[in-house]
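K.L.:
If you're matching positions, the sequence shown starts at 1 in UniProt numbering and goes up one per residue.
Next up is a structure, given as structure tokens.
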Amino acid sequence: MVNLTAKLTDIRDWMIYVSHKLRENAELEVFLIYVVAGLGVLLRNVVYKTVWRAVNKPFGCTFLFEFVCLVVPMVLVQTILGDHVFETVTFFVALILVLVITFYMRLISQAQWNGVSLSAVGTTQALNNSITWYRSMVLITTTVAILAVDFPIYPNRFYKTRAYGHSLMDTGTAAFIFISGLSDFRATIRYGNRIRTPYITILSVSFPSIFVLLILGLGRTISLKLFSYHQNIAEYGAHWNFFVTLFFLRFYVWIVGYRRAVPLGLLIGILYQLVLSFTDLEHWIVRLDVYPRVGFIDENREGIFSLLGYAFLYSLAMIYARLSSKVLLKKEHLSLMGIFTGLGLAVFSYILHKLFEIYFKIEPSRRLANLPYAFSMAALFSVSVSGLQLFNYFIPAPTSPGSSCDLSEAISRNGLVYFLIANVITGIVNMLNLPGVYVSGELPETTFLIFYSLTLCVIISYYNYINSRR
Numbered sequence: 001m002v003n004l005t006a007k008l009t010d011i012r013d014w015m016i017y018v019s020h021k022l023r024e025n026a027e028l029e030v031f032l033i034y035v036v037a038g039l040g041v042l043l044r045n046v047v048y049k050t051v052w053r054a055v056n057k058p059f060g061c062t063f064l065f066e067f068v069c070l071v072v073p074m075v076l077v078q079t080i081l082g083d084h085v086f087e088t089v090t091f092f093v094a095l096i097l098v099l100v101i102t103f104y105m106r107l108i109s110q111a112q113w114n115g116v117s118l119s120a121v122g123t124t125q126a127l128n129n130s131i132t133w134y135r136s137m138v139l140i141t142t143t144v145a146i147l148a149v150d151f152p153i154y155p156n157r158f159y160k161t162r163a164y165g166h167s168l169m170d171t172g173t174a175a176f177i178f179i180s181g182l183s184d185f186r187a188t189i190r191y192g193n194r195i196r197t198p199y200i201t202i203l204s205v206s207f208p209s210i211f212v213l214l215i216l217g218l219g220r221t222i223s224l225k226l227f228s229y230h231q232n233i234a235e236y237g238a239h240w241n242f243f244v245t246l247f248f249l250r251f252y253v254w255i256v257g258y259r260r261a262v263p264l265g266l267l268i269g270i271l272y273q274l275v276l277s278f279t280d281l282e283h284w285i286v287r288l289d290v291y292p293r294v295g296f297i298d299e300n301r302e303g304i305f306s307l308l309g310y311a312f313l314y315s316l317a318m319i320y321a322r323l324s325s326k327v328l329l330k331k332e333h334l335s336l337m338g339i340f341t342g343l344g345l346a347v348f349s350y351i352l353h354k355l356f357e358i359y360f361k362i363e364p365s366r367r368l369a370n371l372p373y374a375f376s377m378a379a380l381f382s383v384s385v386s387g388l389q390l391f392n393y394f395i396p397a398p399t400s401p402g403s404s405c406d407l408s409e410a411i412s413r414n415g416l417v418y419f420l421i422a423n424v425i426t427g428i429v430n431m432l433n434l435p436g437v438y439v440s441g442e443l444p445e446t447t448f449l450i451f452y453s454l455t456l457c458v459i460i461s462y463y464n465y466i467n468s469r470r
């Protein structure tokens with residue numbers, strides 16, 4: 001008994017040591033936070049395939065279960081478990097292993113779960129699932145962060161970096177750019193397999209959504225000025241914001257077309273990095289605002305010039321989607337070869353990122369969206385999507401009616417609405433001075449953020465239900 005206690009103490013001390021070292025490595029910590037999100041998806045699938053298999057539960061039960069699996073962990077790792085990300089990953093892995101081992105004989109004796117073969121997931125379904133899960137992961141993580149950052153409980157190291165480095169909030173815009181590349185490639189497959197049309201014609205289908213981004217960007221800028229809402233201009237600029245960045249990127253793709261967007265984006269990114277390295281442009285963009293900004297370009301320099309780097313990241317996303325699916329589409333079902341092709345691209349991107357850091361002494365910067373930053377984000381997102389495909393290979397998503405209310409599908413399908421509602425609620429909460437004043441303390445703040453996330457999920461699930469009935 002004494003030996004067991006001593007061993008448990010050693011394990012606890014080791015985990016504390018690892019957690020401490022992890023907080024010193026922001027890049028690895030951000031990766032593990034995304035791992036937590038992915039493990040939440042895997043846990044949901046495992047439970048549906050084992051404990052909850054062949055049992056139809058009321059919508060409310062499945063909704064709450066998916067909320068606990070997909071959303072609550074992302075709130076906790078950004079609040080009270082912010083210093084215990086490694087322990088959280090360990091807990092999820094242990095829980096999933098216990099479930100799988102407990103029902104191992106059942107899984108072996110039954111070749112299919114809910115009618116889906118263990119290794120025979122359709123290629124199209126696998127691609128759609130991974131993109132859907134990834135988009136919902138990003139949206140959940142981002143919407144938690146945009147409100148949690150205003151509370152004292154939010155770890156300072158998760159804030160957006162001032163000039164260089166890695167942080168959780170630095171991944172937001174880049175993640176949406178990467179999603180755009182994946183979704184656009186999926187659109188080329190969907191339309192290209194049925195009709196022979198120029199890419200510009202295919203892209204014209206999405207023009208209304210592009211125009212909506214412009215309206216949202218202008219609306220956000222006007223509302224911030226109108227209500228004198230605090231704005232950190234070092235993020236995008238004085239008049240720039242997330243929606244404006246997405247609008248110009250989508251407009252760029254709409255103009256040049258999918259085929260030309262990839263090589264052109266790569267060329268733009270390389271030339272942009274050369275200019276940053278051999279001129280004073282980099283110092284001008286990231287300089288401290290000791291003196292007032294003069295002119296539209298100076299006032300919005302971060303947003304304007306980061307577009308060049310995001311065009312490069314978009315190209316990397318398209319390349320990832322093309323390479324991984326090129327292997328997948330040769331087979332009827334999802335193959336490990338396609339998954340490992342995506343993982344290989346992630347490793348290659350990470351090596352290039354480290355090469356820039358170590359050999360060329362160029363640090364990644366969100367404000368610049370330079371090549372080290374683009375490769376770092378491409379590595380993170382590629383391994384995330386490939387990991388989700390790997391989960392889908394071994395633990396396919398539930399497909400039987402009534403097995404899932406599919407909260408991730410509701411969030412992914414209505415991502416813009418979900419994000420807008422989150423921004424509106426965040427604005428109201430801050431105007432009421434709730435963070436740190438009326439809501440303070442670790443437990444109240446965490447509880448408030450969980451309730452906020454629950455409200456978002458209830459609204460978007462109802463919205464998705466209404467739209468699906470039309």
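Where a beta carbon is used, it is the ideal one built from N, C-alpha and C, also for glycine.
#1: Looking at the structure shown, is Val439 part of a helix, part of a strand, or coil, going by DSSP?
#2: Are the stretch 78–98 and the stretch 61–70 touching by the rule of at least three beta carbon pairs closer than 8 angstroms?
#3: Take Ser180 and list the residues in its own chain whose beta-carbon comes closer than 6 angstroms to its own, dropping the five residues that flank it on each side.
#4: Compare the beta carbon distance of Thr161 and Arg366 with 8 angstroms and say whether it is the shorter of the two.
#5: From which residue to which residue does the alpha helix (DSSP H) around Pro263 run?
#6: Using 8 angstroms as the threshold, is the stretch 93–101 in touch with the stretch 436–455, meaning 3 or more CB pairs across them?
#7: Does the Cβ of Ala94 have 16 or more other Cβ atoms within 10 Å, making it buried, or fewer, making it exposed?
#8: Could you tell me the alpha carbon to alpha carbon distance between Ser136 and Pro435, rounded to whole angstroms?
#9: Go ahead and label residue 478 buried or exposed: buried means 16 or more other beta carbons lie within 10 angstroms of its beta carbon, across all protein chains shown.
#10: Tell whether a beta-carbon distance below 8 angstroms holds between Pro372 and Phe356.
#11: If you draw a straight line from the alpha carbon of Arg301 to that of Thr88, how long is it in whole angstroms?
#12: Just the C-alpha distance for Leu456 and Ala148, rounded to the nearest angstrom, thanks.
#13: Distance, Cα to Cα, Ile466 vs Asn414?
#14: I want to know whether the stretch 303–323 touches the stretch 257–271 - three or more CB-CB distances under 8 angstroms.
#15: Find the nearest neighbour of residue 487 within the set Ser468, Leu218, Ala37, judged by alpha-carbon distance.
#16: What three-state label does DSSP hand Lys354 in the structure shown?
#17: Flag this pair as yes or no: are the beta carbons of Trp133 and Ser408 separated by less than 8 angstroms?
#18: Name the two residues that bound the continuous alpha helix (DSSP H) containing Asn232.
#19: Can you look up Ser315 in the DSSP assignment and give me helix, strand or coil?
#20: Please work out which residues of its chain come closer than 8 angstroms, Cβ to Cβ, to Val41, disregarding the five sequence neighbours upstream and downstream, and give them in chain order.
#21: Closest by CA to Trp240, which one among Ile460, Ser223, Val256?
#22: Taking the straight line between their C-alpha atoms, what separation do you get for Asp184 and Arg259?
#23: In terms of alpha-carbon separation, which member of Asp170, Val46, Ile131, Phe419 lies closest to Pro364?
#24: Whose C-alpha, out of Ile421, Phe394, Asn430, Leu343, is nearest the C-alpha of Ser384?
#25: Would you call the CB atoms of Phe158 and Ile210 closer than 8 angstroms?
P.N.:
Looking at the atomic coordinates:
#1: If you number the sequence shown from 1, residue 439 lands on position 439. If DSSP states are grouped into helix, strand and coil, Val439 belongs with the strands.
#2: no
#3: Numbered from 1 along the sequence shown, position 180 holds the residue referred to as residue 180. No residues qualify anywhere along the chain.
#4: Taking the sequence shown and counting its residues from 1, one reaches residue 161 at position 161. Taking the sequence shown and counting its residues from 1, one reaches residue 366 at position 366. A contact, by the Cβ cut-off of 8 angstroms.
#5: Here the question's residue 263 lines up with position 263 in the sequence shown. Where Pro263 is concerned, the enclosing alpha helix (DSSP H) stretches over 258–278.
#6: In this structure the stretch 93–101 does not lie against the stretch 436–455, because fewer than three pairs of beta carbons, one per stretch, are closer than 8 angstroms.
#7: What you label residue 94 is simply residue 94 of the sequence shown in a count that begins at 1. Burial call: exposed.
#8: Within the sequence shown, the letter at position 136 stands for residue 136. Within the sequence shown, the letter at position 435 stands for residue 435. Going from the Cα of Ser136 to the Cα of Pro435 covers about 26 angstroms.
#9: Absent from the structure is residue 478, since the part of the chain shown begins at 1 and ends at 470.
#10: Translated into the one-based positions of the sequence shown, residue 372 becomes position 372. Translated into the one-based positions of the sequence shown, residue 356 becomes position 356. Contact: yes.
#11: For this step, residue 301 is matched to residue 301 along the sequence shown. For this step, residue 88 is matched to residue 88 along the sequence shown. Distance between the alpha carbons of Arg301 and Thr88: 39 angstroms.
#12: Residue mapping note: residue 456 aligns to position 456 of the sequence shown, counting from 1. Residue mapping note: residue 148 aligns to position 148 of the sequence shown, counting from 1. So the alpha carbons of these two residues sit roughly 14 angstroms apart.
#13: Mapped onto the sequence shown, residue 466 falls at position 466. Mapped onto the sequence shown, residue 414 falls at position 414. Going by the C-alpha atoms only, they are around 12 angstroms apart.
#14: Judged by Cβ distances under 8 angstroms, the stretch 303–323 makes contact with the stretch 257–271, as three or more pairs qualify.
#15: Absent from the structure is residue 487, since the part of the chain shown begins at 1 and ends at 470.
#16: Position 354 of the sequence shown holds residue 354. DSSP places Lys354 in helix when its eight states are reduced to three.
#17: On the sequence shown, position 133 is the one that residue 133 refers to. On the sequence shown, position 408 is the one that residue 408 refers to. Against a cut-off of 8 angstroms, the Cβ pair of Ser408 and Trp133 comes out as a contact.
#18: Taking the first residue of the sequence shown as position 1, residue 232 is located at position 232. Taken as a continuous stretch (DSSP letters only), Asn232 belongs to no alpha helix (DSSP H), as it is neither H nor E.
#19: Locating residue 315 in the sequence shown gives position 315, where the first residue counts as 1. Ser315: helix per DSSP, three-state reduction.
#20: Locating residue 41 in the sequence shown gives position 41, where the first residue counts as 1. Excluding sequence neighbours, Val41 sits near Cys69, Leu70, Trp133, Met137, Leu388, Phe391, Ser408.
#21: Position 240 of the sequence shown, counted from the first residue, corresponds to residue 240. Answer by Cα proximity: Ser223.
#22: Sequence index remark: in the sequence shown, residue 184 carries index 184 (1-based). Sequence index remark: in the sequence shown, residue 259 carries index 259 (1-based). Rounded to whole angstroms, Asp184 to Arg259 spans 11 angstroms at the Cα level.
#23: The sequence position of residue 364 within the sequence shown is 364, counting from 1. Ranking Asp170, Val46, Ile131, Phe419 by Cα distance to Pro364 puts Asp170 first.
#24: One-based indexing of the sequence shown puts residue 384 at position 384. Among Ile421, Phe394, Asn430, Leu343, the Cα nearest to that of Ser384 belongs to Leu343.
#25: On the sequence shown, position 158 is the one that residue 158 refers to. On the sequence shown, position 210 is the one that residue 210 refers to. Result no, Cβ atoms of Phe158 and Ile210 do not sit closer than 8 angstroms.
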